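Colleague:
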Amino acid sequence: MLRASAASELAGVPSSSLVCEGFIGQAGTTSVGLGMSNLPLAFVPGHVGNQSAEELQKNISEITCDAVVSNLLEPPSESAIIVEPSPRDIVFAGSFEDVNRLFYENEWSDGLPVVPPTIAKIEAFLRFTERDPDDILGILLPDSRAATVWSVAVNGVMAGCRPEYMPILVALIEAMADPEYGVEHSGNTPGGETLITLNGPIIKDLDFNVEQGVLRDGFAPNTSVGRFWRLYLRNVAGFLLHKNDKATFGNTWRVVLAENEDVVEKIGWQPNSVEMGFQAGDNTVTIARYTGGNLLASVYGDTPERMMPFIADGVLRQNTWQLVFTVGTSNGTLRPLLVLSPILAETIARAGWSKQDVKQYLFDHARLPAWQFERYLGEWTDHPVRSLKDQANLGKIPKLFYESDDSDRMVPIVFEPDDFMIVVAGDLLRTNCYTFAHNGILGYPVAKKIALPKNWSSQLAEARSG
Amino acid sequence: MEALWLLMPAGQRRSGEWIDDTLVQRVRERGMEQKWPLAGQFPRQRVEVLRAADAHAEVNGVYYRRGWTDGLPIVPPTLARVDAAVRATGRRAGEEIGVLEPLGGIATVEKIAANAVMAGAAPEQLPVILAAVEAILEPDFNLRGVQTTDENVTPLLIVNGPVVAALEINDSYGALGPGWRANGCIGRALRLIMNNIGGGWPAVVSFAGLGQPGRYALCLAENAADSPWEPLHVEAGFDADRSTVTVTRAETMINVTGGLEELASVMASATSAFTMLYAGKVAVILAPHVARDLAGQGWSKQDVKIHLHARARMGTDVWRRSWLSTAHADSRRWPDWVTAAAAGDSVPVLRDPDDITVIVAGGDMPIPQCAYFPSWGFPPCCVTREIGPIKGQANGSVEEG
Amino acid sequence: MTNKENGGHYEVVWPRSERQLQIQPLAKRLDTLNGKTVAELWDYVFRGDEVFEVLERDLKQRYPGINFVSWRDFGATHGEDEREILASLPRRFKEMGVDAVISGMGC
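Residue numbers (my numbering), protein chains in the order written: chain A, 105 to 570; chain B, 39 to 439; chain Z, 10 to 116.
1) Rounded to a whole number of angstroms, what is the C-alpha to C-alpha distance between B:R330 and B:N190?
2) Using 8 Å as the cut-off, can you tell me whether the stretch 33 to 51 of chain Z makes contact with the stretch 71 to 88 of chain Z, which would need three or more C-beta pairs spanning the two stretches below that distance?
3) Do you know offhand how far A:E315's Cα is from A:I452's?
4) Terminal residues of the continuous beta strand (DSSP E) containing A:R471?
5) Name, in chain order, the residues that DSSP records as bridge partners for A:C124.
6) Do we get a CB-CB distance below 8 Å when we pair B:R82 with the residues of chain A?
7) Quick check: B:G426 and B:A325, are their CB atoms within less than 8 Å of each other?
8) Anything in chain A within Cβ reach of B:A132, meaning under 8 Å, just list it in chain order.
9) Would you say the stretch 331 to 347 of chain A touches the stretch 260 to 278 of chain A, given that touching needs at least three Cβ pairs under 8 Å?
10) Using the rule of at least 16 other Cβ atoms within 10 Å of the residue's Cβ for burial, across every protein chain shown, is A:L504 buried or exposed?
11) Could you check how far apart the C-beta atoms of A:V360 and A:I300 are, in whole angstroms? I think they sit under 8 Å.
12) Which residue from B:E71, B:T116, B:G237 and B:R51 puts its Cα closest to that of B:L45?
13) Suppose the cutoff is 6 Å on Cβ atoms and the five residues either side in sequence are ignored; what does the same chain contact list for A:T168 look like?
14) State yes or no: is the beta carbon of Z:C116 nearer than 8 Å to at least one beta carbon in chain A?
15) Which residues in the same chain have their Cβ closer than 8 Å to the Cβ of B:E437, if we skip the five residues on either side of it in sequence?
16) Pair every Cβ in the stretch 288 to 298 of chain B with every Cβ in the stretch 389 to 404 of chain B, then say whether three or more of these pairs are closer than 8 Å.
17) Listed from N- to C-terminal order along the chain, which residues in the stretch 194 to 225 of chain A have their beta-carbon within a distance smaller than 8 Å of any beta-carbon of chain B?
18) Using a C-beta to C-beta distance shorter than 9 Å, which residues of chain Z count as neighbours of A:T252?
19) Taking 7 Å as the cut-off, does the CB of B:A95 come closer than this to any heavy atom belonging to the ligand NAP?
20) Using a cut-off of 7 Å between C-beta atoms, extract the partners of Z:R81 located in chain A.
21) For a contact defined as C-beta to C-beta under 7 Å, what are the partners of Z:I75 on chain A?
22) Check whether chain A comes within 8 Å of B:V100, counting only Cβ atoms and requiring the distance to be less than that.
23) Identify the continuous alpha helix (DSSP H) that holds A:K350 and give its terminal residues.
24) Between which two residues does the alpha helix (DSSP H) containing A:L319 stretch?
25) Can you tell me whether B:I394 is helix, strand or coil according to DSSP?
26) For the stretch 121 to 132 of chain B and the stretch 71 to 79 of chain B, state whether three or more C-beta atom pairs, one from each stretch, are separated by less than 8 Å.
27) Given B:P161, which residues of its chain have a CB within under 6 Å of its CB, disregarding the five upstream and five downstream residues?
28) How would you list, in chain order, the residues of chain A whose beta-carbon sits under 8 Å from the beta-carbon of Z:V107?
29) Please specify which runs of the beta strand (DSSP E), each continuous and at least 3 residues long, are wholly inside the stretch 301 to 327 of chain B, giving them in chain order.
30) Answer yes or no: does any C-beta atom of chain A fall closer than 8 Å to that of Z:E20?
31) Could you tell me whether the Cβ of Z:T11 comes closer than 8 Å to any Cβ of chain A?
32) Comparing C-alpha positions only, which one of B:V283, B:C223 and B:P240 sits nearest to B:R68?
33) State the Cα-Cα distance for the pair B:T309 and B:S360, rounded to the nearest angstrom.
34) Check whether the Cβ atoms of A:T539 and A:G418 lie closer than 8 Å to each other.
35) Any residues in the stretch 238 to 272 of chain B with a beta carbon nearer than 9 Å to a beta carbon of chain A? Which ones, in chain order?
36) With a 10 Å radius around its C-beta and 16 neighbouring C-beta atoms as the bar for buried, classify A:E483 as buried or exposed.
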């Protein structure tokens, strides 16, 4: 919304931006990232979600209207330049406790002790990338800070990563900076958290956990890389709670999900890296945001026909308001993720099914009646786009969403089978799977290839022997 | 080597800029770098660690040169002191009370607390200071005007209710002078807040020609015990057992030895120029002796106001020759109630009796020391805010947490 | 109070990174809204339709010559078409003679 205002200003047209009480802090900081820190805002009291029509009208009339007028008629305050330290400046010298105390008080820490980022430690990380420390991987909203390779190393040190994780960290921030991902949405109120999926031989090189407890802390690579992600969102993207990170609840950093490529290969499936456009055997990171998920326990059956109905039902149930990412807020951007344990994947593959077949099944069977789909859009979330018929007729969504006027007709939750994502990991022998609820365009899946330094093997050996 | 962990008292805008970034420009425009050699020179962080052999002296030197003091020594706003002050408010440290004009720094509870600590305020004084900040944030108070005008206006703080005794706010002998910690520190805290979060630096943002001593601190309590009438806060509609702070925009006080006639004569003078122009709300302090005399003759407080309003009149010829009438004829539009009266011999200095805030204060003695505070600025404003309870303390609190 | 025995001594750098801001000047403000054309931009959430209705009514009362271009004419400013819509604004504003914009809803 503010981007529309900024675009107007750039076009020479003065703007007034309507913001609710809870958004004010976020608006101010977002507008800095747009290079317009003094974008004038018009305040709407409270939150529109729980005001009656009369209350809303009264508030707009009595308070917002005046603000709109002054936004458009009064000269705005000046915008000044912000003075900040250079990357190699020593900002503080002190004990472990003092460093942590300062970092915490200055909101540079997630609340757990950080590893003090000294130049020596940072340089150890930099040896694991061919890139120059001053290389800019992207400019990250909302703060518009430069995602330099140096800053990746600094935050990697802080997170407790090992220097040899650096190639993954660089690839992660390339992904974060990709506009497709939408990092600027990382502070939105639904509070989804990024899931990082790792593919390739680097999983074994660095001893990532792929088996039991793959989504739980306990293994340094999975855990510290996950922590790095959120520290980077805090320190370089600029998301701070109670300011421009507005997650209602949020979650903490997700541990990195590494796919069990041995199992995938054994059963003749393609790894997630191939799904994301790379080759089997490539080292890749995939990022996407999810607002939640559910474990589906004890998937019963020895054939896909027996197993899949329960799974499809579970996947369907995770997607309620998220359907606006299929129709409405953005069309066809919902990418539900299913994580299958190896035993489930093996059982399904044994029947001759590929990942594609699983996706097809989900597409065909994770369906709900059209009237219910529309209820999620309209009655329950008050979204202005409510009619599948209208959207299909306008050509904005596939025709199959409107094959008849029968409101009981079953419609899918995504546009096509390939919208589903499947990863194989977890306890080898537990018949459980996990279904993630995706945040659509506000954290769209993006994958990047990991670049290794030319002396990777020897450097890795040296790191291990130390 | 000592280390002090300090919470930055300077104002930060929503966008992340610090008001000092603008202040540095203002200092340069006025060629006053020598006065503020360290303006804008500090880490843009929430917390700074300052190390020196004598850290207390170092902080004072650095803060003075950064422009963060009133020229007198300050108490370093260490995290421990700020934390104790924040706790006494019962609010969250990061809670935003409002945005202070003219430079738009966000007054968070912790920044208010940091400045209060610098002023020497004790934690239990924080609720009063917080209420005073809320008062100057009222749009009608026109903080922008107060901070930037060429006039010597400053907020006058009048405290009422049980908090007066609890904090030992002086309402008697020397109530407007030095010696009582609460009076001095509460008033001073507000000024530091206006300076460091709002950016009303003298000579570069505030163009007050002279300023006034009240800009160091101007805070007293009403002398309820020696007053024959209801106290100010009850008059304003609060229950007697509530505590309040009342704030007006006050130009320098004029001492009046005597009674209503003397007060009226002073009110009807050139000192009330801006009061007249803007229908300002003025303040009058009656000495206990005067109040008791009047009450004994059957006068109510309202009678006093009506009388003063009627008697505080300037000769129309004097008014026509006045500086405001002649020097700035184009830009000044006198209110209707003044121009209408100018048809006759004299013009009233005040629009309405209710535009006079009357309190009883000072020592009880036969030579009565009264005072008049003219008003500056628009719109007419006299704000009363309730003072919250003192939290986070085991003993000596006015109300239990 | 550094305890070098147990606490160690660390010289640390800043964990953030430099802002790469180009400070864009804002467009010049108007001297009045009378006779001006105001465009409504909406991201299709948070009851902007109701809000714009009230604003139109009230602003027309205050500035009788004002006229509005509805949000319907632009489409949702947030979502899949966002980039195209924003890119088209300068041209469309010129064509429509738009003098000012009200954009919502940040909630």
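For glycine and all other residues, C-beta sits at the position ideal for the given N, C-alpha and C.
Remember, it's a predicted structure, so these values are computed and weren't measured experimentally.
Modeller: Per the coordinate set shown:
1) Put simply, the backbone Cα of B:R330 is about 32 Å away from that of B:N190.
2) These segments touch.
3) Their backbone Cα atoms lie some 18 Å apart in a straight line.
4) R471 to P473 is the extent of the beta strand (DSSP E) around A:R471.
5) BP columns for A:C124 point to A:V148.
6) Nearest CB-CB separation between B:R82 and chain A: below the 8 Å threshold.
7) Contact check for B:G426 against B:A325 fails: the beta carbons are separated by 8 Å or more.
8) It is worth fixing the name first, because residue 132 of chain B is Gly in this sequence and not Ala. Close partners of B:G132 in chain A (Cβ separation under 8 Å): H346.
9) For the pair of segments examined, the stretch 331 to 347 of chain A was found to touch the stretch 260 to 278 of chain A: the number of CB pairs separated by less than 8 Å reaches three.
10) Counting every other CB atom within 10 Å of its CB across the protein chains shown gives A:L504 a total below 16, marking it as exposed.
11) The C-beta distance from A:V360 to A:I300 rounds to 5 Å, short enough to fall under 8 Å.
12) Checked all of B:E71, B:T116, B:G237 and B:R51; the closest Cα to B:L45 is B:T116.
13) Answer for A:T168: A146 and V148, listed in chain order.
14) Yes, Z:C116 lies at the interface with chain A (some Cβ there is under 8 Å from its Cβ).
15) Since pLDDT at B:E437 reaches only 40, below the 50 mark, its modelled position is unreliable, and the value read off the structure follows with that caveat. Hits under 8 Å: P427 and I428.
16) Taking 8 Å as the limit for Cβ pairs, the verdict is that the stretch 389 to 404 of chain B does not touch the stretch 288 to 298 of chain B.
17) Residues of the stretch 194 to 225 of chain A whose Cβ lies closer than 8 Å to any Cβ of chain B, in chain order: V195, F196, G198, D202, R205, L206, E209, N210 and E211.
18) Chain Z residues near A:T252: S26 and E27.
19) What this structure holds is no ligand at all, so the ligand NAP is not there to describe.
20) By Cβ distance, chain A contributes nothing, its closest Cβ being about 10 Å from Z:R81, past 7 Å.
21) Within chain A, no residue has its beta carbon less than 7 Å from that of Z:I75; the closest one is some 11 Å off.
22) Not closer than 8 Å to any Cβ of chain A, the Cβ of B:V100 fails to qualify, so no.
23) In the DSSP assignment, A:K350 falls outside any alpha helix (DSSP H) and carries neither an H nor an E.
24) Careful: A:L319 lies outside any alpha helix (DSSP H) and carries neither H nor E.
25) Strand at B:I394.
26) When C-beta atoms of the stretch 121 to 132 of chain B are compared with those of the stretch 71 to 79 of chain B, fewer than three pairs fall below 8 Å, so the two segments do not count as touching.
27) Beyond the five residues adjoining it in sequence on each side, B:P161 comes within less than 6 Å, by CB distance, of A122, A123 and A126 in the same chain, given in chain order.
28) When 8 Å is used as the limit between beta carbons, Z:V107 is near these residues of chain A: V117, in chain order.
29) The stretch 301 to 327 of chain B contains these whole beta strand (DSSP E) runs: 320 to 324.
30) Answer yes: the Cβ-Cβ gap between Z:E20 and chain A drops below 8 Å somewhere.
31) Reliability fails at Z:T11, whose pLDDT of 46 lies under 50, so the model's placement of it is uncertain and the value that follows must be treated cautiously. Chain A, which has a Cβ nearer than 8 Å to the Cβ of Z:T11, makes this yes.
32) Among B:V283, B:C223 and B:P240, the Cα nearest to that of B:R68 is on B:P240.
33) Straight-line Cα distance between these residues: approximately 11 Å.
34) Going by beta carbons, A:T539 and A:G418 fall inside the 8 Å limit.
35) Closer than 9 Å at the C-beta level to chain A, one finds no residue of the stretch 238 to 272 of chain B.
36) Exposed is the call here.
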